[in-house]
Amino acid sequence: MEEVEKCTLGSCKRQALVLELRDCGLRAELKALCAQSQELEEAAELRQLLLQELQAKQQRILHWRQLVGETQEQIRLLIKGNSASKTHLGQSPGEVLALVQQKVVPTSKAVTPQSQELLHCLEKEAQHLPYLPLLQHSPGGLQPLPTVLPSIHQLHPAFSQGSSLMVLSHMLGLPTGKAPELLLPKAASLRQDLLFFQDQWSLRCWDQLHMKTSLPPGPSTQELLQIHASQEKEQKENLGKALKQLENLLKQALERIPKLQRVVGDWWDQPGQVALSGELCQGLSLPQWQLRWVQAQGTLQ
Numbered sequence: 001m002e003e004v005e006k007c008t009l010g011s012c013k014r015q016a017l018v019l020e021l022r023d024c025g026l027r028a029e030l031k032a033l034c035a036q037s038q039e040l041e042e043a044a045e046l047r048q049l050l051l052q053e054l055q056a057k058q059q060r061i062l063h064w065r066q067l068v069g070e071t072q073e074q075i076r077l078l079i080k081g082n083s084a085s086k087t088h089l090g091q092s093p094g095e096v097l098a099l100v101q102q103k104v105v106p107t108s109k110a111v112t113p114q115s116q117e118l119l120h121c122l123e124k125e126a127q128h129l130p131y132l133p134l135l136q137h138s139p140g141g142l143q144p145l146p147t148v149l150p151s152i153h154q155l156h157p158a159f160s161q162g163s164s165l166m167v168l169s170h171m172l173g174l175p176t177g178k179a180p181e182l183l184l185p186k187a188a189s190l191r192q193d194l195l196f197f198q199d200q201w202s203l204r205c206w207d208q209l210h211m212k213t214s215l216p217p218g219p220s221t222q223e224l225l226q227i228h229a230s231q232e233k234e235q236k237e238n239l240g241k242a243l244k245q246l247e248n249l250l251k252q253a254l255e256r257i258p259k260l261q262r263v264v265g266d267w268w269d270q271p272g273q274v275a276l277s278g279e280l281c282q283g284l285s286l287p288q289w290q291l292r293w294v295q296a297q298g299t300l301q
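Its first residue numbered 1, the sequence shown is counted upward by one per residue in full-length UniProt numbering.
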């Protein structure tokens with residue numbers, strides 16, 4: 001019995017030992033699987049980041065292509081605008097010359113006939129003023145006008161001076177039978193206006209004479225037109241040079257656009273676009289493809 005019990009105890013210990021060994025093996029395998037799973041998760045996260053970077057690069061390239069197209073369209077519109085400006089500049093010298101002739105020629109020639117006509121009217125109206133007796137000065141002060149002279153009776157056609165008073169009344173816009181107390185103040189006001197305009201006219205004549213005698217003679221209208229024409233010609237030449245420079249720059253930019261488009265297209269069609277970290281694409285890794293892109297960019301610049 002003792003021998004049987006010993007054998008039974010030995011077999012139990014052996015089974016327990018085998019189970020412990022199997023448990024240790026399973027634990028080790030579990031740890032290895034956990035470590036491998038962690039590595040796979042890290043690799044998946046890294047590939048996800050690389051995929052996001054590539055998508056961002058793709059968006060930037062598409063946006064850049066759109067900007068290149070818009071810039072090309074703007075350059076075409078600018079070239080069309082420059083052509084229209086050149087056409088307009090070729091047609092505008094006659095308009096500019098007409099405008100200069102209107103601005104440079106003094107306006108005194110247009111004002112002189114009106115002032116002479118006004119002075120003639122005032123002188124004609126002033127011829128009737130001596131027939132109007134006004135208040136006379138005396139040592140005792142102003143004496144009132146008599147009730148008979150001048151009066152409404154002087155406006156009768158039979159009166160010797162009635163015709164002149166009637167003409168004056170009509171010229172002033174007053175009715176014929178109006179009392180002289182309205183006619184005389186109107187005539188006095190007109191006489192004051194006449195004296196004022198005569199003073200202004202004499203002052204202006206004196207100023208013109210003083211300017212002619214004191215100031216040096218300035219350039220004539222023909223000289224001013226020649227100066228303006230030379231300045232306009234110089235401005236046109238400068239503008240033409242600037243437009244020519246701008247046109248050359250735009251042509252150079254248009255010539256570079258297809259080259260840039262080809263470079264972008266070549267870069268976009270390269271097999272390195274689908275390369276991932278840790279994998280080879282046509283025998284090259286992603287860092288090697290990036291190095292080739294940097295070298296190509298330096299060569300292009």
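Yeah, the Cβ is synthetic: ideal placement off N, Cα and C, and Gly gets one too.
No experiment lies behind these values; they were computed from the predicted model shown.
- Separation of L254 and L291 (C-alpha to C-alpha, rounded to the nearest whole angstrom) is 30 Å.
- With respect to I75, L250 sits close: the two C-beta atoms are nearer than 7 Å.
- For the 7 Å CB-CB criterion, L122 and L194 form a contact.
- Beta bridge pairing from DSSP links L209 with no other residue.
- Taking Q208 as the centre and dropping the five residues before and after it, the same chain places no C-beta closer than 6 Å to its C-beta.
- For L284, the secondary structure class from DSSP, reduced to helix, strand or coil, is strand.
- Q261 carries a helical assignment under DSSP once its states are collapsed to helix, strand and coil.
- R191 is the residue among R191, H63 and P185 whose C-alpha sits nearest the C-alpha of E125.
- Per the coordinates, the alpha-carbon of L77 lies some 20 Å from the alpha-carbon of W64.
- Ranked by how close their Cα comes to the Cα of A242, the residues N82, A35 and R14 have N82 in first place.
- By the neighbour-count definition (other C-beta atoms within 10 Å, threshold 16), A84 is an exposed residue.
- Distance from I257 to Q72 at the Cβ level is roughly 6 Å; contact confirmed, criterion being Cβ atoms closer than 8 Å.
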